[in-house]
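Residue numbers (UniProt numbering): 1 to 217.
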């Protein structure tokens with residue numbers, strides 16, 4: 001079974017290699033490494049690892065944190081294709097078929113940003129309505145979304161009163177960004193975490209800005 005493990009570690013030569021060795025000793029096979037954030041001598045990396053049948057995911061935490069200075073932010077099951085750098089391909093797909101572009105974009109975002117789901121929401125005088133949703137996206141027609149209209153990309157507090165109880169129970173981390181205008185917003189959810197980092201939100205905003213130009217151009 002594959003897992004996504006997010007680690008904070010000293011940004012120094014050999015540390016990631018030591019983590020890889022520690023994971024290897026418990027039989028974990030690293031499938032990919034993605035640098036999420038780097039600064040002030042600390043790096044935040046996402047590792048997708050495959051764990052042999054019968055091994056508990058808690059072993060990943062113990063192994064990684066056996067390396068001095070390493071902290072595990074979150075571990076969650078991970079399934080699907082490793083599409084961590086597909087921004088350009090996604091833009092090209094949207095541009096090729098603009099009439100289906102919004103759906104293509106919304107379905108592609110979770111693979112790039114490693115989220116569980118995404119939905120594009122429109123806000124107008126009649127209220128809020130979904131324009132497109134990825135597979136596994138929750139129904140939002142009956143949910144009050146007080147953050148709309150949205151001026152800029154941001155991390156949303158998953159414990160706010162408007163957040164449905166089922167989302168809270170799953171520990172869903174949330175982020176949102178305008179899609180060209182404040183009343184059209186991309187909302188992404190990551191059940192079970194990890195939290196969205198500033199670099200991820202910036203990446204999401206940049207991608208949404210490009211797609212908005214393609215869709216509205």
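Cβ atoms here follow ideal geometry from the backbone N, Cα and C, with glycine treated the same way.
**Request:** Could you check what DSSP says for residue 174 in three-state terms: helix, strand or coil?
**Result:** For the purposes of this step, residue 174 is taken as the residue at position 174 of the chain shown. Residue 174: strand per DSSP, three-state reduction.
Buried versus exposed call for residue 166 [16 or more other C-beta atoms within 10 Å across all chains shown]: Within the chain shown, numbered from 1, the residue matching residue 166 stands at position 166. Around the C-beta of residue 166, fewer than 16 other C-beta atoms lie within 10 Å, and the residue is accordingly described as exposed.
inquiry  = Alpha carbons only, please: which of 4, 44, 1 is nearest the one belonging to residue 16?
reply    = Translated into positions along the chain shown, residue 16 becomes position 16. Ranking the options by Cα distance to residue 16, first place goes to 44.
For this session: Count the other C-beta atoms from every protein chain shown that fall within 10 angstroms of the C-beta of residue 35, then say buried if there are 16 or more, exposed otherwise.
Result: By one-based count along the chain shown, residue 35 stands at place 35. Exposed, since its Cβ has fewer than 16 Cβ neighbours within 10 Å.
Residue from 172, 93, 146, 177 whose Cα sits closest to the Cα of residue 162: In the chain shown, the residue the question calls residue 162 occupies position 162. Residue 162 has its Cα closest to that of 146, out of 172, 93, 146, 177.
- prompt: Taking the continuous alpha helix (DSSP H) assigned at residue 208, which residues delimit it?
  reply: In the chain shown, counting from the first residue as 1, residue 208 sits at position 208. Segment 198–216, the alpha helix (DSSP H) holding residue 208.
How far does the alpha helix (DSSP H) with residue 90 in it reach, from first residue to last? The count along the chain shown starts at 1 and reaches residue 90 at position 90. From DSSP, the alpha helix (DSSP H) with residue 90 extends over 87–96.
For this session: Please report the residue range of the alpha helix (DSSP H) in which residue 24 lies.
Result: Along the chain shown, read from residue 1 onward, the residue named residue 24 stands at position 24. Per DSSP, residue 24 belongs to the alpha helix (DSSP H) from 15–25.
- [ ] Spatial neighbours of residue 10 within its chain, please: CB distance less than 6 Å, with the 5 preceding and 5 following residues excluded, ordered by chain position.
- [x] Translated into the one-based positions of the chain shown, residue 10 becomes position 10. Here the set comprises 69.
- prompt: Between the segment 131–138 and the segment 106–116, are three or more C-beta pairs nearer than 8 Å?
  reply: yes
Between the Cα of residue 52 and those of 152, 23, 67, spot the shortest distance and give me the residue it belongs to. For this step, residue 52 is matched to residue 52 along the chain shown. Answer by Cα proximity: 23.
| Can you name, in chain order, every residue of its own chain whose Cβ lies under 7 Å from the Cβ of residue 29, other than the five neighbours on each side? | In the chain shown, counting from the first residue as 1, residue 29 sits at position 29. Around residue 29: 49, 50.
Checklist line | Which of helix, strand or coil DSSP assigns to residue 127 | finding: Your numbering for residue 127 matches position 127 in the chain shown. Note: residue 127 maps to strand in three-state DSSP.
Open item on the list: On the DSSP bridge list, what partners appear for residue 106?
Closed with: In the chain shown, the residue the question calls residue 106 occupies position 106. In the DSSP output, where bridge partners are listed per residue, residue 106 has none listed.
So if DSSP puts residue 47 in a beta bridge, which residue, or which two residues, is it bridged to? Residue 47 sits at position 47 when you count from the first residue of the chain shown. Bridge partners of residue 47: 5, 33.
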